[in-house]
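Below: one structure, written as structure tokens.
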Amino acid sequence: NLNIIEIASKCGFNNTANFNKAFKKTVGITPGEYRLNDNIII
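Take the position in the sequence shown, starting the count at 1, then add 417; the result is the number in our numbering.
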């Protein structure tokens with residue numbers, strides 16, 4: 418399991434704040450919420 422910083426970097430984001438905003442805009446929840454509910458299907 419990668420942490421959020423590693424995932425953001427691998428996706429081309431230079432910081433986690435931008436990654437979190439983009440993720441929430443796309444998925445509707447934060448990356449942390451997604452991890453807590455790993456059974457969610459997008």
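Ideal placement from N, C-alpha and C gives every residue a C-beta, glycine not left out.
Mind reading off the beta-carbon distance from residue i to residue j? Whole number of angstroms is fine, and I expect it under 8 Å.
i	j	result
Gly-433	Ala-439	One point to set straight first is that residue 433 is Thr, not Gly, in the sequence displayed. Between Ala-439 and Thr-433 the Cβ distance is about 11 Å, and since that is not below 8 Å, they are no contact.
Pick from the options: whose alpha carbon is nearest that of residue i?
i	options	result
Ile-422	Asn-454, Gly-449, Asp-455	Gly-449
Might you give, ordered along the chain, the residues of its own chain that have their beta carbon closer than 6 Å to the beta carbon of residue i, omitting 5 neighbours on each side?
i	result
Phe-430	Phe-436
Lys-427	none
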